[in-house]
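Asks:
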Amino acid sequence: MSSMNVRESSGSEHLINSLANHVTEFRYDPEEHITFAAWYKRFEGLFEKDAARLPDDAKVRMLLHEEDADVRIRLLSRMEENEDITLSQLTELCEKLTNLKHDTTLIA
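Sequence positions in the sequence shown follow our numbering and run 191 to 298.
1) Which full runs of the beta strand (DSSP E) of 3+ residues lie inside the segment 210–288, going along the chain?
2) Enumerate in chain order the residues of its own chain whose CB-to-CB distance from Asn-289 is below 8 Å, with the five nearest sequence positions on each side excluded.
3) For Lys-231, count the other beta carbons within 10 Å of its own beta carbon; 16 or more makes it buried, fewer makes it exposed. Which is it?
4) In angstroms with no decimal places, state the Cα-to-Cα distance between Glu-222 and Leu-205.
5) Under a Cβ-count criterion, where at least 16 other Cβ atoms within 10 Å of its own Cβ denotes burial, should Ala-348 be classed as buried or exposed?
6) With distance defined between alpha-carbon atoms, name the residue in Leu-277, Ser-278, Glu-270 and Arg-264 nearest to Lys-291.
7) Confirm, please, whether the CB-CB distance from Leu-277 to Lys-249 is below 8 Å.
8) Can you tell which of Glu-271, Asp-274, Leu-266 and Leu-253 has the C-alpha that lies nearest to the C-alpha of Asn-207?
9) Compare the beta carbon distance of Val-261 and Leu-280 with 8 Å and say whether it is the shorter of the two.
10) Looking only at its own chain, which residues have a Cβ that is under 6 Å from the Cβ of Phe-216, when we skip the five neighbours before and after it?
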């Protein structure tokens with residue numbers, strides 16, 4: 191790996207870590223109106239502006255925490271299937287998957 195790529199990689203990692211410190215963990219609670227849409231709206235500027243130079247897969251990793259690894263895998267798979275998918279489309283899909291996952295947990 192060239193020194194330029196190492197600097198870019200470490201710069202991206204630093205940016206991801208810095209931005210991740212500003213994003214609170216998403217916890218679904220429909221009774222308190224805490225939905226993925228409401229949570230994402232709170233941090234939308236961070237994802238759209240501050241993280242603009244990051245690749246979408248890095249943004250997806252920032253969106254989800256370890257307990258949502260299954261949703262993360264599905265989003266990353268969608269990105270591999272469709273290279274033209276936008277962050278907006280991924281966010282919409284993430285909202286659907288996250289809400290479905292949590293709704294299913296409530297029913298079980």
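Every residue gets a Cβ at the ideal spot worked out from N, C-alpha and C, and that includes glycine.
Replies: Working from what's here:
1) none
2) Tyr-218, Thr-225 and Phe-226
3) exposed
4) 31 Å
5) Look at the range of the chain in this structure, 191 to 298, and you will see that residue 348 is not part of it.
6) Arg-264
7) yes
8) Leu-253
9) no
10) Trp-229
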